[in-house]
Structures are given as structure tokens and as C-alpha cells.
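What follows is a single structure, written as C-alpha cells, with notes after it.
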Amino acid sequence: MKEADFATESALSDQALVEAAVNGDADCFSLLVVRHQNRVYRFILKNVNHAADAQDLAQDTFIEAYLNLPGFRGDSGFSTWLLGIALNRIRNYVNRAPERRFNHVSVDLLCELAGTIDNPSIVLEKRELLLAARQGMDRLPPDLRQILILVSFEKISYKEVAEILGIPMGTVKSRLNRAREMLGLYFRERGLSPLGDGIFARESCDPPDEMQNLHAEHE
Amino acid sequence: MGALSCDEAGLFSSCSLDGGLSKDETKLLSAHLAQCGHCRARMEAMAAVDTLAGELNRLYQGVSLDSAFVQKVEAAVRATPEYRWRRASAEGRPEDDLRRFNRRVANDAVLRQKLKTAASLESFMNLYVQLGGEQGFRFTDMDLKRLMGAAANDKELSDVELDAVVGGTDSIEQFLNDLLKF
Chain A
462 MKEADFATES ALSDQALVEA AVNGDADCFS LLVVRHQNRV YRFILKNVNH
512 AADAQDLAQD TFIEAYLNLP GFRGDSGFST WLLGIALNRI RNYVNRAPER
562 RFNHVSVDLL CELAGTIDNP SIVLEKRELL LAARQGMDRL PPDLRQILIL
612 VSFEKISYKE VAEILGIPMG TVKSRLNRAR EMLGLYFRER GLSPLGDGIF
662 ARESCDPPDE MQNLHAEHE
Chain B
-19 MGALSCDEAG LFSSCSLDGG LSKDETKLLS AHLAQCGHCR ARMEAMAAVD
31 TLAGELNRLY QGVSLDSAFV QKVEAAVRAT PEYRWRRASA EGRPEDDLRR
81 FNRRVANDAV LRQKLKTAAS LESFMNLYVQ LGGEQGFRFT DMDLKRLMGA
131 AANDKELSDV ELDAVVGGTD SIEQFLNDLL KF
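Following this line, the structure appears as C-alpha cells:
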């Protein structure tokens, strides 16, 4: 069995590994890293769009987690706790250079990272849609984008997102709604409209630029 | 709660995509959507956004880090004062060293393979102590017996009793599996 398989399939719970790591067993912390590294890395990559920087931030996240292990109370899942630390790292990263918010990872690069570059099922039109989705997310205000990623991508509950961000649950819901509406408008600006069965298609006319107005309203 | 306004219906539409509505809320939303074309279009757009976001997310699911990542984190962790402090506070207890080595073995296929080559329980235990010592873990075969004995009957077992517990010297693999549970 590969190490990663063992870490994933180990009978030891995250909580047990945390306790052992706090008591001096760094190997147990390594098991936690192996178990959660990809989720943390992907979460950061979705936010910062830069593979090398995402890896550095993931490393910083785990080191900070190790230093703060005694503070993990187990109220939320260990991976949720890690994502909270990662989110602070992401905020610092973007705040140090706000233009980083507009890093763009191309869908081709994403396919390459994901090993699907040769996948014929990802046809040109789909790539265009995925790229529009990625770019639309990059244009969202950071607080809306973070919530969209936490809920829609990471499938974290409203309650846990509220705890991670330190905001009321009602605010999580309303920001999420706002993020989805803004993304919908972004697609319309690009001539993409919903077909009614959960997919988008290109329109023939040029709709008005409404996302800019929504940005102004949100800010 | 009475009939929904369009603003409320927008919020409910978003929540419904996450399965975040109660039965009553779902009914209220359905009633509103049945008579409001604007909100139906908005709901449709949100659902399409969510579907597309899901497809984008699936691309990320294929992205992963290699094994060098954990090694980098391990090196960085070992350089922290917290690591040295936690390690120092746990040192000097053979049973803790033994448990730590158990976890190391559990996570290292090469070590496990070496141990499975032992011809007898006695040589297995000697090898276990030797390999542990080579990696900086200090415990004796008596500590090993004590750990297994504690699991059997909360008492120290003789070699013969230990053999009986694990089903004879042919059961090296079983013994190892039992040991790694600690």
C-alpha cells in the first residue's frame, strides 16, 4: 500500500492523530498532511490561481497548523479548521499585492495540472465556458468569491463557513446569493445564457454590462 | 411566513441549490416561482452558474501534490521550536517511543516487509528493537512484550504465553498487525 493510501485508509481519526502530534509524534502530523494536503492545495489554488504560490501557501498553512495544534478543539472537522488557516494565508497573500486577485490560470493549464489535457471530452466550447467561469470568479469581490468557493466547491455547511469567516449565517447566505447573481450577469455580459437545464449557451446579441453596476452596489 | 418578495425568492433560490431550505421554505419558493417569470429566469441562471461552477471544480479535483510536499513540510516542522519542545517532553518513556515506532512502521511498507522476513517471534522482536533503535526510538523487547501483554490481559506475558496469544510463531504477520494497532 502506498503511503498516501495508508494515510487515507488509516483507522486513526484526525483527532487521534492531532493528539499524538501534540504529544510529540511528528509522524502523526505527517499522516495528517498526507491525508489533507490535496484538499488544502486545491482550495488555495482555486483562490489564488498560481500553482507555485498555492504550493507555498499550502506549506505555510500546514506549518501554522502544526504550531497551533493544541488550539484545535475538534468543534469543526480538521479539514475545515485547515481551510480556515489557509483562508487567512490567502487573504494576506492577496492583500500584500492586490493585483494577484486577477491572476489567471488558463483552463489548458488547469487541464494539464489535472492530467486531462488530452481528454477529448473537454471540447473547445466547454473550455471557453470553463474559462469564462474562472474569469468570472476572479472578478467577484474577494468576500463573495471566498464564500462561493467554500460552499459551492468545498461543500462546507453555512454554519461552518460562518464560523470560519466570523460572520452571521444570514450573511453567508446573502453573500452567496449575491455571488451567484453576479456570476450569472457576468455570463450574460459575455453573451452566454442559461438553457433551462442547468447549462449555458452562447447568445447572438450583446447584452448590457451590468456586472460593473453590481460591483458598485456591493462596494 | 407569508408570500415571498422577489428579493426573498432570490435568496431562497440560492439556498435551494445547496439543499438549505426547509419543506415549508421550499413550498413558499415554488409558489413564488409559479407566478413570477423574473424569478424563474433568475433561478434558472443560478442553477446554470452552479452547474458550471461544479464542472470547473471537477477539473481541480484532478490536481494533486506529490510526495515531496510532505517531506518539505516535515523538514519545516522539525525546524520549529515547538517540534523540539514537544519531542523533548515526550522523550524518556519507552512505551511512547514504541508507539511512535509502531506508527512509523505502519506508514512504511519497506520496514513492514523487512519485519515479515523474521523466522520466529523472538527474531521478529529482536529485529523490531534493532530497527527502532536505528531510527532513534529507544525501547526493549520487554517493552514490546509488555505492550502486547497489556492488550491481552493487562499483565506481562512470557514468551510462551505471547506465542499462544498470537497463534504461534507462524503468525508474524498477524502479530505485526496487532502490534500496529497500538
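Residue numbers (the numbering used here), protein chains in the order written: chain A, 462 to 680; chain B, -19 to 162. We treat Cβ as the ideally placed atom computed from N, Cα and C, and that holds for glycine. All figures in this text were calculated on a predicted structure; none of them were measured in a lab.
* **Sub-9 Å separation of Val501 of chain A and Ser540 of chain A beta-carbons** => Taking the first sequence and counting its residues from 1, the one referred to as residue 501 of chain A is at position 40. Taking the first sequence and counting its residues from 1, the one referred to as residue 540 of chain A is at position 79. Going by C-beta atoms, Val501 of chain A is nearer than 9 Å to Ser540 of chain A.
* Asked: Taking all protein chains shown into account, do 16 or more other C-beta atoms lie within 10 angstroms of the C-beta of Cys(-5) of chain B, making it buried, or fewer, making it exposed?
  -> The count along the second sequence starts at 1 and reaches residue -5 of chain B at position 15. Under a 10 Å Cβ-count criterion, Cys(-5) of chain B is classified as buried, with 16 or more other Cβ atoms of the shown protein chains found around its own Cβ.
* Kindly indicate the opening and closing residues of the alpha helix (DSSP H) around Ser10 of chain B. => In the second sequence, residue 10 of chain B corresponds to position 30, counting from 1. That run of the alpha helix (DSSP H) goes Lys3 to Gln15.
* Looking at C-alpha atoms only, which residue of A:Gly631, A:Glu621 and A:Ser613 is the closest neighbour of Met26 of chain B? -> Mapped onto the second sequence, residue 26 of chain B falls at position 46. Ranking the options by Cα distance to Met26 of chain B, first place goes to A:Ser613.
* Asked: Can you tell me whether Thr97 of chain B is buried or exposed, with buried defined as 16 or more other CB within 10 angstroms of its CB?
  -> Residue 97 of chain B sits at position 117 when you count from the first residue of the second sequence. Flag for Thr97 of chain B reads exposed.
* To do: Have a look at B:Lys52, B:Leu156 and B:Asp(-13) and flag the residue whose alpha-carbon is nearest the alpha-carbon of Asp88 of chain B.
  => Counted from its first residue, the second sequence places residue 88 of chain B at position 108. Out of B:Lys52, B:Leu156 and B:Asp(-13), B:Leu156 has the C-alpha closest to the C-alpha of Asp88 of chain B.
* Three-state secondary structure (DSSP) of Leu473 of chain A -> As a first step, residue 473 of chain A is located in the first sequence; it is residue number 12 there, counting from the start. It is coil, neither helix nor strand.
* Asked: Between Glu480 of chain A and chain B, is there a C-beta pair that is closer than 9 Å?
  -> Numbered from 1 along the first sequence, position 19 holds the residue referred to as residue 480 of chain A. So, not an interface residue.
* Flag this pair as yes or no: are the beta carbons of Leu13 of chain B and Ala(-17) of chain B separated by less than 9 Å? => The residue labelled residue 13 of chain B in the question sits at position 33 within the second sequence. The residue labelled residue -17 of chain B in the question sits at position 3 within the second sequence. No, the pair does not count as a contact, with Cβ atoms beyond the cut-off.
* **Test: Ala28 of chain B CB closer than 9 Å to a CB of chain A** => On the second sequence, position 48 is the one that residue 28 of chain B refers to. Yes, contact with chain A.
* Compute the Euclidean distance between the alpha carbons of Phe182 of chain B and Ile505 of chain A, then round it to the nearest angstrom. => Residue 182 of chain B lies beyond the residue range present for chain B, which begins at -19 and ends at 162; the question has no answer from this structure.
* Asked: How would you label Asp536 of chain A, buried or exposed, when you count the other beta carbons within 10 angstroms and need 16 or more for buried?
  -> Taking the first residue of the first sequence as 1, we reach residue 536 of chain A at position 75. Exposed, since its Cβ has fewer than 16 Cβ neighbours within 10 Å.
* **CB contact check: Asp475 of chain A to chain B, cutoff 9 Å** => Along the first sequence, one-based indexing puts residue 475 of chain A at 14. For Asp475 of chain A, the answer is no, since every Cβ of chain B falls outside 9 Å of its Cβ.
* **Straight-line gap, Trp542 of chain A to Gln15 of chain B (C-alpha atoms, nearest Å)** => Counting from 1 along the first sequence, the entry for residue 542 of chain A is found at position 81. Counting from 1 along the second sequence, the entry for residue 15 of chain B is found at position 35. Rounded to the nearest angstrom, the two C-alpha atoms are 43 Å apart.
* Within the chosen definition, does the segment 583 to 603 of chain A reach the segment 21 to 36 of chain B through at least 3 CB pairs nearer than 8 Å? -> yes
* Three-state secondary structure (DSSP) of Pro61 of chain B -> Residue 61 of chain B sits at position 81 when you count from the first residue of the second sequence. Helix at Pro61 of chain B.
* Give the secondary structure of Leu653 of chain A by DSSP, where H, G and I count as helix, E and B as strand, and everything else as coil. => Numbered from 1 along the first sequence, position 192 holds the residue referred to as residue 653 of chain A. Here Leu653 of chain A sits in strand by DSSP.
* Using a Cβ-Cβ cut-off of less than 8 Å, list which residues of the segment 28 to 42 of chain B approach chain A; keep chain order. => Ala28, Val29, Asp30, Thr31, Leu32, Ala33, Gly34, Glu35, Leu36, Asn37, Leu39, Tyr40, Gln41 and Gly42
* **Entirely enclosed alpha helix (DSSP H) segments - the segment 470 to 522 of chain A, minimum 4 residues** => Within the segment 470 to 522 of chain A, the alpha helix (DSSP H) runs of at least 4 residues that lie entirely inside it are, in chain order, 475 to 483 and 487 to 509.
* Asked: At a Cβ threshold of 9 Å, is Ile546 of chain A touching chain B?
  -> By one-based count along the first sequence, residue 546 of chain A stands at place 85. No, because no Cβ of chain B sits closer than 9 Å to the Cβ of Ile546 of chain A.
* To do: Could you list the residues in the segment 490 to 508 of chain A with a C-beta less than 7 Å from some C-beta on chain B, going in chain order?
  => Phe490, Ser491, Leu492, Val494, Val495, Gln498, Asn499, Tyr502, Arg503, Leu506 and Lys507
* To do: Report the option in B:Met128, B:Val85 and B:Ala99 whose CA atom is closest to the CA atom of Gly113 of chain B.
  => The residue labelled residue 113 of chain B in the question sits at position 133 within the second sequence. Selected option, being the one with the closest Cα: B:Val85.
* Asked: Which whole-angstrom value describes the C-beta separation of Arg509 of chain A and Val53 of chain B, a residue pair presumed to lie in contact below a C-beta threshold of 8 Å?
  -> One-based indexing of the first sequence puts residue 509 of chain A at position 48. One-based indexing of the second sequence puts residue 53 of chain B at position 73. Checking the sequence shown, residue 509 of chain A turns out to be Val, not Arg. Actually they do not touch by this definition, with Cβ atoms about 18 Å apart.
* Asked: Mind checking if Asp134 of chain B is an interface residue toward chain A, Cβ cutoff 9 Å exclusive?
  -> One-based indexing of the second sequence puts residue 134 of chain B at position 154. Caution applies to Asp134 of chain B, whose pLDDT of 46 falls short of 50 and renders its modelled position unreliable; the value that the coordinates give is listed next. Asp134 of chain B does not count as touching chain A.
* Asked: How big is the Cα-Cα spacing for Val622 of chain A and Pro629 of chain A?
  -> Along the first sequence, read from residue 1 onward, the residue named residue 622 of chain A stands at position 161. Along the first sequence, read from residue 1 onward, the residue named residue 629 of chain A stands at position 168. Our two residues, Val622 of chain A and Pro629 of chain A, have alpha carbons roughly 9 Å apart in a direct line.
* Can you name, in chain order, every residue of its own chain whose Cβ lies under 8 Å from the Cβ of Phe117 of chain B, other than the five neighbours on each side? -> Your numbering for residue 117 of chain B matches position 137 in the second sequence. Same-chain partners within the cutoff: Asp77, Leu78, Arg80, Phe81 and Arg84.
* To do: Output the distance between the C-alpha atoms of Tyr63 of chain B and Asp517 of chain A, rounded to the nearest integer angstrom.
  => Start at 1 with the first residue of the second sequence, and residue 63 of chain B comes out as number 83. Start at 1 with the first residue of the first sequence, and residue 517 of chain A comes out as number 56. So the two alpha carbons sit approximately 20 Å from each other.
* Following the continuous alpha helix (DSSP H) through Gly(-10) of chain B, name the residue where it begins and the one where it ends. => Within the second sequence, residue -10 of chain B is the residue found at index 10, counting from 1. Note, Gly(-10) of chain B: alpha helix (DSSP H), Cys(-14) to Leu(-3).
* Asked: Looking at the structure shown, is Arg118 of chain B part of a helix, part of a strand, or coil, going by DSSP?
  -> Here residue 118 of chain B is taken as the residue at index 138 of the second sequence, counted from 1. Of the three classes helix, strand and coil, the one that applies to Arg118 of chain B here is coil, per DSSP.
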